[in-house]
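Asker: Please read through the structure below; I'll follow up with questions.
There are 2 protein chains.
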Amino acid sequence: MPDNLHPLVYRFIEDAGNTTQSFGVGRVIGQIYAFLYFSPSPETLDGMRDGLGISKGSASIAVRQLEQWGAVQKVWVKGDRKDYYTAKDAFGKIIKNAILEMVGKKMGDYESLLAEAREQLESGAIEDDADRIAFMQERLEHLQKFQRWSHQLWNSPMLQTLLK
Amino acid sequence: MPDNLHPLVYRFIEDAGNTTQSFGVGRVIGQIYAFLYFSPSPETLDGMRDGLGISKGSASIAVRQLEQWGAVQKVWVKGDRKDYYTAKDAFGKIIKNAILEMVGKKMGDYESLLAEAREQLESGAIEDDADRIAFMQERLEHLQKFQRWSHQLWNSPMLQTLLK
DNA sequence: TGTTATGTTAAATACATACTGAACGTTTTG
DNA sequence: CAAAACGTTCAGTATGTATTTAACATAACA
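Heads up: the protein sequence lines correspond to chains A and B, in order.
First residue of the first sequence: 193, per the working numbering; consecutive thereafter.
First residue of the second sequence: 193, per the working numbering; consecutive thereafter.
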């Protein structure tokens, strides 16, 4: 443990790193966010490097991702041309943005694949026996139903409010 | 592409595999689920191996995980002692179970860490200047507020209904 | 203008872990 | 009871990708 770090803070950083890592987002992201969250004043890339024992390149990349999720914010410190960052603490919004980025694109992909599949099936481009075609159509319809359902759930006023 | 597979089914299998992989859950899980979802009749481990070009060991492990999430179901086929599986299609429930397993444990961990942290801080076990301690307390309180909030959100009747 | 400070990028590396293959225990079959 | 059929497990390997390193571009400085 770096000796310049509050022992409690260190444990939160460890946990956060493990969490983000287990979600396939990389360990540094969680570490940096926790580090900033428990920093009384803004920190620079070099500060993160020294505080966490990571490379500056890692810090640069991770901070950009966090910025995209609205999890951290660049702040301007007069008299210093380094970039300073602080953690934003609107967890709901952050989670929403992260989810949106991770599943949003895939949702669109499935939508088009689904549309294409139904088209091919109806146009008779796929030759198969009637039973098989009927089964496929049933599955595709069920998928489309779920797709519509998830859209509605995501856009429901309640969820939008809660993830504000 | 294995030639015994419907071309459309193959594309869904690919997509599903990519999705689960990007979520850090492994590619085979998505592949098997899609394979079963588009199979008119139950399939065995050997069927998955042949249909997807994976090892039987992989299939065994992945199927167990899927079973734990309630995503697949063992079915009994008379006259055959192989284990047969079908895909269950209650997506909401499946997602709920998966999330529960993935974040549930971590939630508990944070809860205890949080409690321990507050305890240490209040008992004066950590020596630090007053400003620093006040800041830490504020952060810990904010975390605890979020923890309570997420509990409520997760247990809200609305969400419970939607993820049924 | 040359020099230093800073953030970014791309190639190389390291790392975590998903997956394979073979061996094992169990159950069925003949 | 022997032999085959299954499912499972675990050590080893392969694979994807997170992270580092070093070179680069840009902007401030003196």
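Even for Gly, the Cβ is constructed at its ideal location relative to N, Cα and C.
Owing to the predicted nature of the structure, the values given are computational and were not obtained by experimental measurement.
I'd like to confirm the pairing. Which residues does DSSP put opposite A254 (chain B) in its beta bridges?
Answerer: Beta-bridge pairing links A254 (chain B) to no other residue.
Asker: Please list the terminal residues of the continuous beta strand (DSSP E) segment that includes T211 (chain A).
Answerer: Here T211 (chain A) belongs to no beta strand (DSSP E); instead the alpha helix (DSSP H) covers 199 to 214.
Asker: Kindly indicate the opening and closing residues of the alpha helix (DSSP H) around V217 (chain B).
Answerer: It is not in any alpha helix (DSSP H) - V217 (chain B) carries neither H nor E in the DSSP assignment.
Asker: Using a beta-carbon distance below 8 Å, is T278 (chain B) in contact with chain A?
Answerer: no
Asker: In three-state DSSP terms, what is K285 (chain A)?
Answerer: helix
Asker: Buried or exposed, going by whether 16 or more other CB atoms sit within 10 Å of the CB of M415 (chain B)?
Answerer: A query on residue 415 (chain B) cannot be resolved here, the shown segment of chain B reaching from 193 to 356 and no further.
Asker: Would you mind sorting E235 (chain A) into buried or exposed? The rule is 16 or more other CB atoms within 10 Å of its CB.
Answerer: The residue is buried, with at least 16 neighbouring Cβ atoms inside 10 Å.
Asker: Once the 5 residues before and after F227 (chain B) are set aside, which same chain residues still bring their CB inside 8 Å of it?
Answerer: V201, I205, E235, M240, G243, L244
Asker: Taking Cβ positions only, does R203 (chain A) come closer than 8 Å to chain B?
Answerer: yes
Asker: Skipping 5 residues on each side, what residues in its chain have a beta carbon closer than 6 Å to that of A251 (chain B)?
Answerer: L237, M240, R241
Asker: Can you say whether M350 (chain A) is buried or exposed, counting buried as having 16 or more other CB atoms within 10 angstroms of its CB?
Answerer: Residue environment: M350 (chain A) is assigned as exposed (fewer than 16 neighbouring CB atoms within 10 Å of its CB, all protein chains considered).
Asker: Output needed for G385 (chain B): all residues of its chain with C-beta closer than 8 Å, excluding positions within five of it in sequence on either side, in chain order.
Answerer: Coverage of chain B is limited to positions 193 through 356, which leaves residue 385 (chain B) absent and any answer about it impossible.
Asker: Within this structure, are the beta carbons of L335 (chain B) and L306 (chain B) separated by less than 8 Å?
Answerer: yes
Asker: Within a Cβ cutoff of 6 Å, which residues of the same chain sit near G209 (chain B), ignoring the five residues on either side of it in sequence?
Answerer: R219, G222, Q223
Asker: When burial is assigned at 16 or more other CB atoms within 10 Å of the CB, is T211 (chain B) buried or exposed?
Answerer: Buried.
Asker: Looking at the unbroken beta strand (DSSP E) that takes in A279 (chain B), where does it start and where does it end?
Answerer: 276 to 279
Asker: Identify the residues that DSSP records as bridge partners of V267 (chain B): which are they?
Answerer: B:Y276
Asker: In this structure, what does DSSP give as the bridge partners for E235 (chain B)?
Answerer: B:Y277
Asker: Could you tell me the distance, in whole angstroms, from the CA atom of I246 (chain A) to the CA atom of P199 (chain A)?
Answerer: 18 Å
Asker: Would a check of beta-carbon distances place H343 (chain A) closer than 8 Å to chain B?
Answerer: It does not: the Cβ of H343 (chain A) has no partner Cβ on chain B nearer than 8 Å.
Asker: Can you name the residues of chain B whose CB is closer than 7 Å to the CB of K298 (chain A)?
Answerer: In chain order, T211 make up the part of chain B whose C-beta sits under 7 Å from the C-beta of K298 (chain A).
Asker: Skipping 5 residues on each side, what residues in its chain have a beta carbon closer than 8 Å to that of Y276 (chain A)?
Answerer: P234, E235, T236, K266, V267, W268, V269
Asker: With H, G and I counted as helix, E and B as strand and the rest as coil, what does DSSP make of K337 (chain A)?
Answerer: helix
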